[in-house]
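Report on the following structure.
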Amino acid sequence: MKPKDVRQVTWQQETTGAIENVATYSKRSPDVNLPFQRNVEFEDEGLQNCSIVIRGVSRGDESCYKCLFNTYPDGAISGITCLRVNELYGPSLLITQTNNSHTTLSCSATGRPAPIVTWDNTEILENSIMASVTHLNGTVTITSTLAELSLPDKDTRVGCVVSLFSGGVTKNVSMVIPGRTQASFAGEKWFCTCLQ
Numbered sequence: 000m001k002p003k004d005v006r007q008v009t010w011q012q013e014t015t016g017a018i019e020n021v022a023t024y025s026k027r028s029p030d031v032n033l034p035f036q037r038n039v040e041f042e043d044e045g046l047q048n049c050s051i052v053i054r055g056v057s058r059g060d061e062s063c064y065k066c067l068f069n070t071y072p073d074g075a076i077s078g079i080t081c082l083r084v085n086e087l088y089g090p091s092l093l094i095t096q097t098n099n100s101h102t103t104l105s106c107s108a109t110g111r112p113a114p115i116v117t118w119d120n121t122e123i124l125e126n127s128i129m130a131s132v133t134h135l136n137g138t139v140t141i142t143s144t145l146a147e148l149s150l151p152d153k154d155t156r157v158g159c160v161v162s163l164f165s166g167g168v169t170k171n172v173s174m175v176i177p178g179r180t181q182a183s184f185a186g187e188k189w190f191c192t193c194l195q
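Here numbering that gives the first Met the number 0 is used: the first residue of the sequence shown is 0, the next is one more, and so on.
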């Protein structure tokens, strides 16, 4: 297949009701438009292969980006890709023990989209209560709570695992619940946060 006679490559950002040129490449030179110069640069420069990189991505960069290969005499050939920024904060693991030998475990994470919160022990997962809170900024906090667990006879490690979607990046935190013989302070709390 013979390559097309590409005269210029244009990258455009498509937002609701608006299209804005991000960058263009022609035989003369590459050019990134002023509003995008803070974080956009060319990765590959060429009329047959032209790609851009967006560095320091933020929610403001969420959009669809169209690549137009302007050919002569056929006109534009285009492709589109969409960027969605995912956020994951946490997890936070809270263990509360009371003097009547009961333990409450709580694991929380905040993200966009809503995070998946699981325990590394499947028996624990079956008995957990999930709650969610949607925040004005579009993030969602998911909390998994296990209440009224009997205090274990020996030290027991518990862990919480969070992710944004199945198979995605995970973060975890774990702590040891002291056995009955070591837990002697009523209402004592342990709090651990793992942030990346």
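No residue lacks a Cβ here, since even glycine has one placed at the ideal position from N, Cα and C.
For residue i, collect the residues of the same chain with a Cβ closer than 8 Å to its Cβ; drop the 5 residues on either side in sequence, then sort them by chain order.
{"i": "Thr138", "result": "Glu86, Tyr88, Thr109, Gly110, Arg111"}
{"i": "Asn120", "result": "Val157, Gly158"}
{"i": "Pro29", "result": "Ala22, Thr23, Phe41, Glu44"}
Identify whether residue i lies in helix, strand or coil by the three-state DSSP scheme.
{"i": "Leu82", "result": "strand"}
{"i": "Pro29", "result": "strand"}
{"i": "Asp4", "result": "coil"}
{"i": "Asp60", "result": "helix"}
{"i": "Phe35", "result": "helix"}
{"i": "Val175", "result": "strand"}
{"i": "Ser127", "result": "coil"}
{"i": "Pro114", "result": "coil"}
{"i": "Thr138", "result": "coil"}
{"i": "Thr15", "result": "coil"}
{"i": "Leu104", "result": "strand"}
{"i": "Gln195", "result": "Residue placement at Gln195 is flagged as unreliable, the pLDDT there being 42, under the threshold of 50; the coordinate-derived value follows with that caveat. Here Gln195 sits in coil by DSSP."}
Using DSSP's beta-bridge definition, name the partner residues of residue i.
{"i": "Phe41", "result": "Ile51"}
{"i": "Leu67", "result": "Thr9, Ser77"}
{"i": "Lys170", "result": "Val161"}
{"i": "Val21", "result": "None; Val21 has no bridge partner."}
{"i": "Thr133", "result": "Val139"}
{"i": "Leu87", "result": "Gly110"}
{"i": "Leu145", "result": "Leu104"}
Counting only the same chain and skipping the five closest in sequence on each side, list residues whose C-beta sits under 7 Å from that of residue i.
{"i": "Pro177", "result": "Asp154"}
{"i": "Arg58", "result": "Val84"}
{"i": "Ala113", "result": "Ser131, Val139, Ile141"}
{"i": "Leu135", "result": "none"}
By how many angstroms is the C-alpha of residue j removed from the C-alpha of residue i?
{"i": "Glu19", "j": "Leu33", "result": "11 Å"}
{"i": "Trp118", "j": "Ser77", "result": "45 Å"}
{"i": "Val220", "j": "Ser25", "result": "In the structure displayed, the chain extends from 0 to 195; residue 220 sits before or after that span and is not available."}
{"i": "Gly167", "j": "Leu46", "result": "35 Å"}
{"i": "Phe184", "j": "Thr169", "result": "Unreliable placement is indicated for Phe184, whose pLDDT of 46 sits below 50; the coordinate value is still reported in the next sentence. Taking the straight line joining both Cα atoms gives about 33 Å."}
{"i": "Arg27", "j": "Leu82", "result": "29 Å"}
{"i": "Asn126", "j": "Asp60", "result": "40 Å"}
{"i": "Trp10", "j": "Met174", "result": "48 Å"}
{"i": "Ile263", "j": "Thr15", "result": "Since the first and last residues shown for the chain are 0 and 195, residue 263 lies out of range."}
{"i": "Phe35", "j": "Gln12", "result": "10 Å"}
{"i": "Thr97", "j": "Asp152", "result": "15 Å"}
{"i": "Phe164", "j": "Ser62", "result": "20 Å"}
Excluding five sequence neighbours on each side, which residues of the same chain lie with their C-beta closer than 6 Å to the C-beta of residue i?
{"i": "Asn55", "result": "At residue 55 the sequence reads Gly, which differs from the Asn that was named. Correct list, in chain order: Asn38."}
{"i": "Val132", "result": "Thr140"}
{"i": "Cys106", "result": "Pro90, Leu92, Val116, Ser143, Cys159"}
{"i": "Asn171", "result": "Gly158, Val160"}
{"i": "Thr103", "result": "Thr95, Ala146"}
{"i": "Met129", "result": "Ser143"}
{"i": "Val31", "result": "Ala22, Val39"}
message = Under 8 Å: do the stretch 47 to 58 and the stretch 66 to 85 share three or more Cβ pairs, one atom per stretch?
response = Cβ pair count under 8 Å is three or more, so yes.
key: Inter-stretch contact at 8 Å, needing at least 3 Cβ pairs: the stretch 69 to 81 / the stretch 1 to 14   = Touching, per the Cβ criterion.
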